[in-house]
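Undergrad: Questions regarding the structure given below will be posed in turn.
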Amino acid sequence: MSDVRHARRAFLICLFGLVLANFDHALFTYVLPQLTAAYGWSDIERGWYIAITFVLAGLAITQLGVLSDRLGRKRVLLWTLLAAPWPVVAMIWAPGTVALLALRTVGFVAAGAASPLTGTIVVEESPPRYRGLLSGLLQIAYPIGFTLAALLAYPILRWYPEQWRWVFALALLTLPYAWVVARFLREPPTWERVREARGDAPPPGTAVLFRPEYRYRTIVLFLGQFLQVFAYGASLLLIAFFVEARGWAPEDATLLIGVSYGLGSLGYVLAAVAGEFW
């Protein structure tokens with residue numbers, strides 16, 4: 519198979535895998551008002567709980583990145599796809615806030631790791647001329663995953679509102695895709711060459727990013743990603759705003775947000791094209 523065909527295959531597999539990872543992640547968002555009521559959270563507590571899960575998951579995801587340098591991109595991605603649905607489903611029976619947040623964090627780590635893992639695979643497999651375009655287009659998986667989650671959660675919230683916890687069970691729908699990754703995705707040759715050159719030496723940890731030659735770029739890119747996720751974290755509260763402040767039905771708020779994510783994916787495409795060609 520040619521390098522171009524490998525790049526196309528890797529892109530499509532990673533795109534759909536990342537869609538499903540964001541699908542798992544989105545389910546928590548769409549029942550946030552119900553969780554708030556069920557566990558008696560105040561607005562301030564809810565904000566702190568979201569922040570805590572983001573920080574803990576973010577720290578853990580960096581270590582999964584280091585692990586992928588040691589064990590391989592495909593292998594770690596496959597593990598995360600297999601692991602991500604279970605803590606999400608387990609939130610159906612979470613007896614209290616601590617248990618819920620622990621499950622949310624574990625699920626967030628597994629689903630969130632798919633973003634840097636798939637991004638690395640696409641970059642390592644892509645021809646240099648289209649590397650920026652493909653890695654940019656990969657990001658549409660985020661809004662598409664949230665749209666898909668909204669569309670599938672809507673019937674449960676609309677017709678079985680008392681059974682809202684079973685929205686989490688939708689995460690099981692993502693499990694079969696792990697077979698696609700195992701069967702059709704290869705380890706990038708770039709990683710294979712680096713592993714052979716490294717031999718038995720362990721891969722460098724995250725501290726390497728702060729060496730003088732990398733420090734400036736690391737800080738700039740970290741701040742860019744931080745601000746993007748800062749805005750995204752705030753957007754999680756949109757569902758609560760529509761339901762609690764505007765008095766909308768949860769299913770209507772879910773559908774509106776999901777459709778807006780889908781429409782917003784056009785902006786991701788335009789940004790990827792502009793970034794590559796202009």
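For the working numbering, count along the sequence shown from 1 and bump the result up by 518.
Every residue gets a Cβ at the ideal spot worked out from N, C-alpha and C, and that includes glycine.
These numbers were taken from a predicted model, which means no experiment stands behind them.
Closer than 8 Å is the cut-off here; do at least three beta carbon pairs connect the region 779-788 with the region 651-661?
TA: yes
Undergrad: Beta-carbon separation of Y672 and T580 under 8 Å?
TA: As a first step, residue 672 is located in the sequence shown; it is residue number 154 there, counting from the start. As a first step, residue 580 is located in the sequence shown; it is residue number 62 there, counting from the start. No.
Undergrad: Taking only runs that begin and end inside the region 625-707, name each unbroken alpha helix (DSSP H) of 4 or more residues, in chain order.
TA: Runs of the alpha helix (DSSP H) lying entirely within the region 625-707, each at least 4 residues long, are 632-643, 649-655, 659-677 and 695-702 in chain order.
Undergrad: What's the gap between the Cα of V573 and the Cα of Q681?
TA: The residue given as residue 573 occupies position 55 in the sequence shown. The residue given as residue 681 occupies position 163 in the sequence shown. Whole-angstrom Cα-Cα distance: 30 Å.
Undergrad: Between the Cα of D561 and those of E794, V777 and E762, spot the shortest distance and give me the residue it belongs to.
TA: For the purposes of this step, residue 561 is taken as the residue at position 43 of the sequence shown. When each option's Cα is compared against that of D561, the closest is E762.
Undergrad: Note down, in chain order, each residue of its chain lying with its Cβ closer than 8 Å to the Cβ of V522, except the 5 sequence neighbours on either side.
TA: As a first step, residue 522 is located in the sequence shown; it is residue number 4 there, counting from the start. Taking V522 as the centre and dropping the five residues before and after it, the same chain places the C-beta of P645 closer than 8 Å to its C-beta, in chain order.
Undergrad: Check whether the region 657-670 and the region 563-573 are in contact - that is, three or more C-beta pairs closer than 8 Å.
TA: no
Undergrad: Please determine, among A632, F626 and T665, the residue with the shortest C-alpha to C-alpha distance to L774.
TA: On the sequence shown, residue 774 is found 256 positions in, with the first residue counted as 1. Looking at the Cα atoms, T665 is the closest of the given residues.
Undergrad: Please state if the CB of R593 and the CB of F702 are separated by a distance shorter than 8 Å.
TA: Here residue 702 corresponds to residue number 184 of the sequence shown, with the count starting at 1. Here residue 593 corresponds to residue number 75 of the sequence shown, with the count starting at 1. With respect to the 8 Å criterion, F702 and R593 are not classified as neighbours on the basis of their beta carbons.
Undergrad: Apart from the five residues just before and just after G803, which ones in its own chain have a Cβ nearer than 8 Å to its Cβ?
TA: There is no way to answer for residue 803, as the model of the chain reaches only from 519 to 796.
Undergrad: Which word fits L675, buried or exposed, when buried means at least 16 other C-beta atoms lie within 10 angstroms of its C-beta?
TA: Taking the first residue of the sequence shown as 1, we reach residue 675 at position 157. L675 should be labelled buried.
Undergrad: How long is the line joining the alpha carbons of L582 and A631, rounded to whole angstroms?
TA: Looking up residue 582 in the sequence shown gives position 64. Looking up residue 631 in the sequence shown gives position 113. C-alpha separation (whole angstroms): 7 Å.
Undergrad: If you scan the region 531-586 from start to end, which runs of the alpha helix (DSSP H) of 4 or more residues do you find wholly inside it?
TA: 550-557
Undergrad: Under 8 Å, do L538 and Y695 count as touching if we go by C-beta distance?
TA: The count along the sequence shown starts at 1 and reaches residue 538 at position 20. The count along the sequence shown starts at 1 and reaches residue 695 at position 177. Going by C-beta atoms, L538 is nearer than 8 Å to Y695.
Undergrad: Does DSSP put A612 in a helix, in a strand, or in coil?
TA: Indexing the sequence shown from 1 puts residue 612 at position 94. Here A612 sits in coil by DSSP.
Undergrad: Buried or exposed for R591, please, with buried defined as at least 16 other CB atoms from any protein chain shown within 10 angstroms of its CB.
TA: For this step, residue 591 is matched to residue 73 along the sequence shown. Burial is judged here by how many other beta carbons sit within 10 angstroms of a residue's own beta carbon; R591 has at least 16 and is buried.
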